[in-house]
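Residue numbers (my numbering): 34 to 508. Glycine included, each C-beta is placed from N, C-alpha and C at the ideal position. In this text, all values refer to a predicted model and were calculated from it rather than measured experimentally. A quick write-up on the structure given underneath.
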């Protein structure tokens, strides 16, 4: 009797397991119909750069093994450097967005090309015209001469959530046309390690992507384009489970501007920012590490005119919360110049509201130089730094206005070393207090009293950021 009950329980458990698995199977999406329909509008792209017109530094293909672990763009085949200048052909993917032949792809696929060929799934080939191309968004708009072409409909990347099914179609390695790969969204709002693409909040997926997939569509389970495949993160040059796509809203906005004016305008706030770490959060009076800490404000910029100051923490932009500093550039850059925006800012432990009218990102950003040297040393024992007041000549070299800036001549304390400070760094402020002399620096440090951490605004070369030093506890 006991054996019969045991057998019955085993059979019942097995039936329940089969039923559960069968139920799970019915929830999995079937991509066959979606892929067949979408593939008709996905194209392969060949971009040819002649030996005489190729840009300096772009001559030789790079062996992926020699590349650092970094975001890699993927098109073309790696190989040996040519013995002499010759034509270089790279491959990528793209897709039709209109019946009259408009094609979207990546900027890096066609950058510097003398000839761009678009091949349709029915094997017809067209020489494409580059309507416009934008490096910062990595988007290019092409046009081929034909009518009545199939095209893809766009969806929304704003509703994407980690775990959601997506699929890609492209031409990996330049010859496997209409390859379909499937995966899920791994994350949204990812920043690129390429500083030139700070305005793009990338979609991260585990969809298999390789060289040649650049410019191809990322689609949702409704067959709508939600992104354009652009980058992989790899230390081998091949797919390693992490790929990135440009949100379709960014791509379509770029395409619209390229079509209408030939260039892309982006909003500019005029601040340099950095993340708020745990130490900064405590010092600033935040209960968690959120927001964008302002390390510099460009004179006469939108932020300057609105009243934003160095040391402020921007908590939200037009009502959108900023969890980390990389959230802010896409919000600003994808807002049209001249737009009035709302900023919620933390200053001296209190939240404030500011209204700013965005400027426009210039085509070429200017940067300031740096220098070292000086006289008039002073030591600050609590921080372990020896600083000096810059001479008039040094101030001119450093671009300092006389109201702030002292030079670190020696780092003698372990806390300062751990914070990464070096000889030659320029300290602009202690907390919110500007310091222009060694004495002013010492006074400001003394005024900080028994603070858990002292925030220093430091310039090194062309970079300015806050650095927190935790003074050693008195024995």
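- Query: Beta carbon of residue 164, beta carbon of residue 76: below 7 angstroms?
  - Reply: no
Suppose the cutoff is 7 angstroms on Cβ atoms and the five residues either side in sequence are ignored; what does the same chain contact list for residue 318 look like? 382
- request: Look at residue 343 and residue 324 and say whether their C-beta atoms are less than 7 angstroms apart.
  value: no
Contact set for residue 487: own chain, Cβ-Cβ below 6 angstroms, skip 5 residues either direction = 481, 502
Taking residue 246 as the reference, give the member of 83, 126, 490 with the closest Cα. 126
Whole angstroms is fine: what's the gap from residue 372's alpha carbon to residue 361's? 15 angstroms
Point to revise | Contact check, residue 497 vs residue 329, beta carbons under 7 angstroms | key: yes
Is it right to say residue 141 is buried, meaning 16 or more other beta carbons lie within 10 angstroms of its own, or is it exposed?
buried
Alpha-carbon to alpha-carbon, residue 298 and residue 174: 16 angstroms
According to DSSP, is residue 184 helix, strand or coil? coil
Between residue 196 and the rest of its own chain, which residues show a CB-CB distance below 7 angstroms, the 5 nearest in sequence each way excluded?
217, 218
**Message:** I'd like the span of the alpha helix (DSSP H) that includes residue 447, first residue to last.
**Reply:** 447-451
Point to revise | Rounded Cβ spacing between residue 220 and residue 237 (contact assumed at less than 8 angstroms) | key: 4 angstroms
Q.
Could you compute how far the alpha carbon of residue 594 sits from the alpha carbon of residue 375?
A. The shown model of the chain, from 34 to 508, leaves out residue 594, and the question about it has no answer.
Measuring CA to CA, which of 338, 442, 426 is closest to residue 417?
442
* To do: Express the C-alpha separation of residue 368 and residue 167 in angstroms, rounding to a whole number.
  => 16 angstroms
| query | Assuming residue 379 contacts residue 348 under a Cβ cut-off of 8 angstroms, what Cβ separation, rounded to an integer in Å, is found between them? | reply | 6 angstroms
**OP:** Within the segment 122-206, note down every full alpha helix (DSSP H) run reaching 4 residues or more, in order along the chain.
**Re:** 140-143
Identify every residue that forms a DSSP beta bridge with residue 390. 373
task: Below 7 angstroms CB to CB, which residues in the same chain sit around residue 507 once its five sequence neighbours on both sides are set aside?
output: Any reading at residue 507 must be qualified, since the residue scores a pLDDT of 45, below 50, and its modelled position is unreliable; the value itself is stated next. Cβ within range, chain order: n/a, list empty.
| What are the uninterrupted segments assigned as beta strand (DSSP E) that are 3 or more residues long and contained completely in the segment 234-290, given in chain order? | 235-238, 250-252, 258-267, 276-280
- prompt: For residue 305, which residues from the same chain have a beta carbon less than 7 angstroms from its beta carbon, with the 5 sequence-adjacent residues on both sides left out?
  reply: 328, 329, 497
Who are the Cβ neighbours of residue 409 in its own chain at under 7 angstroms, not counting the five residues just before and after it?
-> Note that residue 409 scores 43 on pLDDT, short of 50, meaning its location in the model is unreliable and no value can be drawn from it.
Just checking, does the segment 248-263 make contact with the segment 131-140 on the three C-beta pairs under 8 angstroms criterion?
yes
Practice task
Locate the beta strand (DSSP E) running through residue 346, then write down its first and last residues.
Solution key: 346-350
Original post:
Does DSSP classify residue 499 as helix, strand or coil?
Top reply: strand
Check your understanding: Exposed or buried, which one is residue 494 when buried takes at least 16 other CB atoms within 10 Å?
Key -> exposed
(Q) Quick check on the DSSP output: what are the complete alpha helix (DSSP H) runs of length 4 or more inside the segment 429-473, in order along the chain? (A) 447-451
Status (buried if at least 16 other CB within 10 Å, exposed otherwise) for residue 243: buried
Terminal residues of the continuous beta strand (DSSP E) containing residue 224? Here residue 224 belongs to no beta strand (DSSP E), and DSSP marks it neither H nor E.
Q) Using DSSP with H/G/I as helix, E/B as strand and the rest coil, what is residue 301? A) strand
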